[in-house]
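Numbering (mature numbering (1 follows the signal peptide of the UniProt record, and there is no 0)), first residue to last: -22 to -1, 1 to 51.
Notes for the one structure printed next.
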């Protein structure tokens, strides 16, 4: 049970980091790459999986930038 709690905490922290440090770019590739870098960095800091952090960060940043184009670039 403690492991799933830690995983959930890491996911929340990674998503929060992506929201706080939204690394939007001009293209979809730049948006995914920037979000992936932030997500991997958040995972490294929290002791989580870098691959999961990068995937969550890329998806979160891409979704944010596509839904809020005026707040990116």
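We put the beta carbon where it would ideally sit given N, CA and C, even for glycine.
Point to revise | Beta-carbon proximity check, residue 10 vs residue 31, cutoff 7 Å | key: Locating residue 10 in the chain shown gives position 32, counting from the first residue. Locating residue 31 in the chain shown gives position 53, counting from the first residue. No, the pair does not count as a contact, with Cβ atoms beyond the cut-off.
Check your understanding: In whole angstroms, what separates the C-alpha of residue 26 from that of residue 12?
Key -> Translated into the one-based positions of the chain shown, residue 26 becomes position 48. Translated into the one-based positions of the chain shown, residue 12 becomes position 34. Approximately 18 Å, taken between the alpha carbons.
Review point. Of all the options 24, 8, 28 and 23, which has the alpha carbon lying nearest to the alpha carbon of residue 41?
Key: Position 63 of the chain shown holds residue 41. For the residues 24, 8, 28 and 23, the minimum Cα distance to residue 41 belongs to 8.
Check your understanding: For residue 23, is the classification buried or exposed, using 16 other Cβ atoms within 10 angstroms of its Cβ as the cut-off for buried?
Key -> Mapped onto the chain shown, residue 23 falls at position 45. So residue 23 ends up on the exposed side.
Exercise for review: Can you tell me which of -19, -18 and -11 puts its alpha carbon nearest to the alpha carbon of residue 21?
Suggested key: Reading the chain shown from its first residue, position 43 is the one you call residue 21. Of -19, -18 and -11, the residue nearest in Cα terms is -11.
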